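Here's the structure we're looking at; comments come further down.
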Amino acid sequence: MGSRMIAGRSGTYGAAMIGSHRAKQIRPPCGCHGRQNPSIARNRLMRQLLILLATFVSASAAQGSSLSDLRAWLRQAPLNDERFAELPKQAFASESLTKSQAKQAADLIWAARSEQLREERKAEMDKREIVLGDKKMPFWFKTFGKKPATGHSLFISMHGGGGAPPAVNTQQYENQKRLYQPAEGIYLVPRAPTDTWNLWHQGHIDAFFDRIITNMVIFHDVNPDRVYIMGYSAGGDGVYQLAPRMADRLAAAAMMAGHPNETKPDGLRNIGFTLHMGALDGAYRRNQIAAEWKEKLAALRKSDPSGYQHHIEIHPGRAHWMNLEDRVAVPWMAKFTRNRFPSRIVWLQDDVTHQRFYWLRTSQTGGRPRIVAEVRDNSISIPESDVQTLTVLLHDDFVSLDKPIRIVSGEAELFDGSVERTIATIAQSIAERDEPGAAVYASVSVKLPANADGSK
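Plus 1270 on top of the position in the sequence shown (first one is 1) and you've got the working numbering.
Now the structure itself:
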């Protein structure tokens, strides 16, 4: 832009000189028609460069100021849920950040939020009981091995029982404490809040597990990328259902002697999943359905070789009790670490729904919609979607936010442009999950065509 402006102005200068002094045919000092004095051109170029530099310095100062404003805002008063909800509304929260500033902002926000939660939840951790609404979930845990530098692993183990008297489920809770011992990690056994047949996959379980994971990260230095769920019998029912719908919080899952009911394995694409079943466990066709899931997972793996890592064992001669042969599931799971930002997401809603899954968000959760999204370089493709509006959550760990972002669905281009990292987006994303790995820096909301291939 600057060079074209200078050339245009010098041409006008030359024509004016020639027009005013045609008789003498005065030439510019350089001896070239239409060219300006080099010193004048240099001065103008220097002024333009100084203007650009001042603009850059001003923008950088504004970005630095937003971090200072964030620090000042966090110091004003202790954080609580109401005040935290006001953070995205602050003027400084909408200012653009650099990559390093976004990282600093995320660290500052999580430090303040975790300190708030540490104070608010200390009593429930001391009591070993979480209460949400009219339900409560007691829990027990034990630590094994030496804590790695990155933090403990966490194994959440669900007991059996189900639609039985409370004493039966409590006995199963006590029994579950003795079943498994990881080489490293915290082994945590919760007591189901209800005594129903579906005690581990009702809608309140997701919120309880979200809270347990957050609490263990804050109070016991759990690595949020090394969280595993497992369960036996009715607990296995829970794994079948919770693992696909909570996969973005997990590294792997192990199902023992359970029944999936209506759930499907689509959402398991980015975690490890192992299934153990006694070959003679014929009640409710558990053994037959386990064999069917073995085929389903093999087919998914074949069509999508980068996903659906699984290990299925049907134990010969065993019925509902596998005589602890299923213990091998624990070291198998421990090989996996969560991928926060996978290159491909398969999101299938179930009877219990969520509005966020990995780097996608939608409020359209009814009707068990299915969404497939992929990212390559800075281009995001949505080849399949049963929803009409979708928000893509962005982070520099899987795209470059210093470059334009392109989002397509079939032949339809939904977005092509630059996005800004902001404190508002960071704060909102952390509030959704209350864990450091939940933070994203920017987002783009798109409206999808009527069909996933882009046709109307």
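Backbone N, C-alpha and C fix where the C-beta goes; we use that ideal spot for every residue, glycine too. The structure displayed is predicted, hence computed values, not measured ones.
Checklist entry - Whose CA, out of Glu-1595, Thr-1695, Ser-1649 and Val-1657, lies closest to the CA of Arg-1676? => result By one-based count along the sequence shown, residue 1676 stands at place 406. Measuring from the Cα of Arg-1676, the nearest candidate turns out to be Ser-1649.
Checklist entry - So who's on the other strand from Ile-1675, going by DSSP bridges? => result As a working mapping, residue 1675 is identified with position 405 in the sequence shown. The partner list for Ile-1675 (beta bridge, DSSP) reads Gly-1687.
Next on the checklist: DSSP has Met-1500 in a bridge; who is on the other side?
Outcome noted: Position 230 of the sequence shown, counted from the first residue, corresponds to residue 1500. Paired residues: Ser-1427 and Ala-1524.
Checklist entry - Of all the CB atoms in chain B, is at least one closer than 7 Å to the CB of Leu-1378? => result Among the chains of the structure shown, chain B does not appear; only one protein chain is present.
Checklist entry - Quick one, which of His-1546, Ala-1522, Asp-1518 and Arg-1515 has its alpha-carbon nearest Gly-1528's? => result The residue given as residue 1528 occupies position 258 in the sequence shown. Of the candidates His-1546, Ala-1522, Asp-1518 and Arg-1515, the residue whose Cα lies closest to the Cα of Gly-1528 is His-1546.
Next on the checklist: Is Val-1714 near the ligand GTP - that is, is its Cβ less than 6 Å away from at least one heavy atom of it?
Outcome noted: Because no ligand of any kind appears in the structure shown, any question about the ligand GTP cannot be addressed here.
Next on the checklist: Among Arg-1481, Arg-1608 and His-1490, whose alpha-carbon lies nearest the alpha-carbon of Phe-1543?
Outcome noted: Your numbering for residue 1543 matches position 273 in the sequence shown. Each of Arg-1481, Arg-1608 and His-1490 was checked against the Cα of Phe-1543, and the nearest Cα belongs to Arg-1608.
Checklist entry - Expressed to the nearest angstrom, what Euclidean distance is found between the alpha-carbon atoms of Val-1459 and Ala-1561? => result What you label residue 1459 is simply residue 189 of the sequence shown in a count that begins at 1. What you label residue 1561 is simply residue 291 of the sequence shown in a count that begins at 1. When rounded, the distance between both Cα atoms is 28 Å.
Item to check | Beta-carbon separation (whole angstroms), Ala-1517 vs Asn-1540, contact threshold 8 Å | outcome: By one-based count along the sequence shown, residue 1517 stands at place 247. By one-based count along the sequence shown, residue 1540 stands at place 270. Cβ-Cβ separation between Ala-1517 and Asn-1540: approximately 6 Å, consistent with a contact (criterion under 8 Å).
Item to check | Three or more C-beta pairs below 8 Å linking the stretch 1434-1452 and the stretch 1368-1388 | outcome: Too few Cβ pairs lie closer than 8 Å, so no.
Item to check | Inter-residue Cα distance where the pair is Ser-1335 and Glu-1705 | outcome: In the sequence shown, residue 1335 corresponds to position 65, counting from 1. In the sequence shown, residue 1705 corresponds to position 435, counting from 1. Roughly 26 Å between the two C-alpha positions.
Checklist entry - Arg-1646 to Phe-1611, Cα distance in whole Å? => result Mapped onto the sequence shown, residue 1646 falls at position 376. Mapped onto the sequence shown, residue 1611 falls at position 341. Straight-line Cα distance between these residues: approximately 12 Å.
Item to check | Backbone secondary structure at Ile-1541 - three-state DSSP | outcome: Taking the first residue of the sequence shown as position 1, residue 1541 is located at position 271. Coil.
Next on the checklist: List, from N- to C-terminal side, the alpha helix (DSSP H) runs of 4 residues or more that fit wholly inside the stretch 1428-1463.
Outcome noted: Within the stretch 1428-1463, the complete alpha helix (DSSP H) runs of at least 4 residues are 1436-1446.
Next on the checklist: Check for me: the alpha helix (DSSP H) holding Arg-1571 runs from which residue to which?
Outcome noted: To locate residue 1571, count along the sequence shown from 1; it is residue 301. Looking at the DSSP string, the run of the alpha helix (DSSP H) that includes Arg-1571 is 1556-1573.
Next on the checklist: On the DSSP letters alone, give me the boundaries of the alpha helix (DSSP H) that Leu-1378 sits inside.
Outcome noted: Along the sequence shown, one-based indexing puts residue 1378 at 108. 1369-1397 is the span of the alpha helix (DSSP H), which, as asked, contains Leu-1378.
Next on the checklist: Please state whether the Cβ-Cβ distance between Ile-1499 and Ala-1523 is less than 7 Å.
Outcome noted: By one-based count along the sequence shown, residue 1499 stands at place 229. By one-based count along the sequence shown, residue 1523 stands at place 253. In this structure, Ala-1523 lies closer than 7 Å to Ile-1499 by Cβ.
Next on the checklist: In whole angstroms, give me the CA-to-CA distance for Ser-1503 and Gly-1637.
Outcome noted: Your numbering for residue 1503 matches position 233 in the sequence shown. Your numbering for residue 1637 matches position 367 in the sequence shown. C-alpha separation (whole angstroms): 29 Å.
Next on the checklist: Can you list, in chain order, the residues of its chain with a C-beta nearer than 8 Å to that of Trp-1343? Leave out the 5 residues immediately preceding and following it.
Outcome noted: Your numbering for residue 1343 matches position 73 in the sequence shown. So the qualifying residues of the chain are Leu-1357, Gln-1360 and Phe-1362.
Checklist entry - Around the C-beta of Glu-1390, are 16 or more other C-beta atoms found within 10 angstroms, so that it is buried, or is it exposed? => result Mapped onto the sequence shown, residue 1390 falls at position 120. Result: exposed.
Next on the checklist: Looking at Asp-1620: is its Cβ nearer than 7 Å to the Cβ of Pro-1639?
Outcome noted: Along the sequence shown, read from residue 1 onward, the residue named residue 1620 stands at position 350. Along the sequence shown, read from residue 1 onward, the residue named residue 1639 stands at position 369. Against a cut-off of 7 Å, the Cβ pair of Pro-1639 and Asp-1620 comes out as no contact.
Item to check | Distance, Phe-1425 Cα to Pro-1716 Cα | outcome: On the sequence shown, position 446 is the one that residue 1716 refers to. On the sequence shown, position 155 is the one that residue 1425 refers to. Looking at the sequence itself, residue 1716 is Val, so the reference to Pro does not match. Distance between the alpha carbons of Val-1716 and Phe-1425 is about 37 Å.
Next on the checklist: Assuming Thr-1632 and Leu-1660 are in contact, meaning their beta carbons sit under 8 Å apart, how far apart are those beta carbons, in whole angstroms?
Outcome noted: For the purposes of this step, residue 1632 is taken as the residue at position 362 of the sequence shown. For the purposes of this step, residue 1660 is taken as the residue at position 390 of the sequence shown. Yes, Thr-1632 and Leu-1660 are in contact; Cβ-Cβ is about 5 Å, under 8 Å.
Checklist entry - With 16 other CB atoms within 10 Å as the buried threshold, where does Asn-1350 fall? => result Mapped onto the sequence shown, residue 1350 falls at position 80. Under this definition Asn-1350 is an exposed residue.
Item to check | Local conformation of Leu-1357 per DSSP, three classes | outcome: Sequence index remark: in the sequence shown, residue 1357 carries index 87 (1-based). It is helical.
Item to check | Residue environment, Asn-1485, which counts as buried when at least 16 other CB atoms sit within 10 Å | outcome: By 1-based counting over the sequence shown, the position of residue 1485 is 215. By the Cβ neighbour-count rule, Asn-1485 is buried, with 16 or more other Cβ atoms within 10 Å of its own.
Item to check | Burial state of Gly-1506, where buried means 16 or more other Cβ atoms lie within 10 Å | outcome: Looking up residue 1506 in the sequence shown gives position 236. With 16 or more other Cβ atoms inside 10 Å of its own Cβ, Gly-1506 counts as buried.
Item to check | Buried/exposed call for Asp-1686, threshold 16 Cβ in 10 Å | outcome: Residue numbering aside, residue 1686 sits at position 416 when the sequence shown is read from its first letter. Exposed is the call here.
Next on the checklist: Which of the three DSSP states is assigned to Asp-1495 in this structure?
Outcome noted: Reading the sequence shown from its first residue, position 225 is the one you call residue 1495. Looking at Asp-1495 - three-state DSSP - the assignment turns out to be strand.
Item to check | Backbone CA spacing between Ala-1329 and Asp-1667 [nearest angstrom] | outcome: Counting from one through the sequence shown, the residue named residue 1329 turns up at place 59. Counting from one through the sequence shown, the residue named residue 1667 turns up at place 397. Because Ala-1329 carries a pLDDT of 47, less than 50, the predicted location of this residue cannot be relied on, and the following value inherits that uncertainty. As the crow flies, the alpha-carbon of Ala-1329 is around 24 Å from that of Asp-1667.
Item to check | Spatial neighbours of Gly-1431 in its chain, beta-carbon cut-off 6 Å, leaving aside the 5 residues before and after | outcome: On the sequence shown, position 161 is the one that residue 1431 refers to. Same-chain partners within the cutoff: Val-1438, Asn-1439, Gln-1442 and Ala-1504.
Checklist entry - From Ala-1553 to Thr-1368, what distance separates their C-alpha atoms? => result Stepping through the sequence shown from its first residue, residue 1553 is reached at position 283. Stepping through the sequence shown from its first residue, residue 1368 is reached at position 98. Spanning the alpha carbons of Ala-1553 and Thr-1368 requires a straight line of approximately 58 Å.
Item to check | Ile-1488 versus Ser-1384: straight-line alpha-carbon distance, rounded | outcome: For the purposes of this step, residue 1488 is identified with residue 218 of the sequence shown, where counting begins at 1. For the purposes of this step, residue 1384 is identified with residue 114 of the sequence shown, where counting begins at 1. Cα-Cα distance, rounded: 6 Å.
Next on the checklist: Between Val-1616, Asp-1404 and Asp-1339, which has its C-alpha nearest Gly-1577's C-alpha?
Outcome noted: Taking the sequence shown and counting its residues from 1, the one referred to as residue 1577 is at position 307. When only C-alpha atoms are compared, the closest one is Val-1616.
Checklist entry - Taking the continuous alpha helix (DSSP H) assigned at Thr-1695, which residues delimit it? => result Counting from 1 along the sequence shown, the entry for residue 1695 is found at position 425. Counting along the chain, Thr-1695 sits inside the alpha helix (DSSP H) bounded by residues 1693-1703.
Checklist entry - Near Phe-1606, which residues of its chain fall below 6 Å by C-beta distance, leaving aside the five closest residues on each side in sequence? => result The residue labelled residue 1606 in the question sits at position 336 within the sequence shown. Answer for Phe-1606: Ala-1521, Ala-1522 and Gly-1542, listed in chain order.
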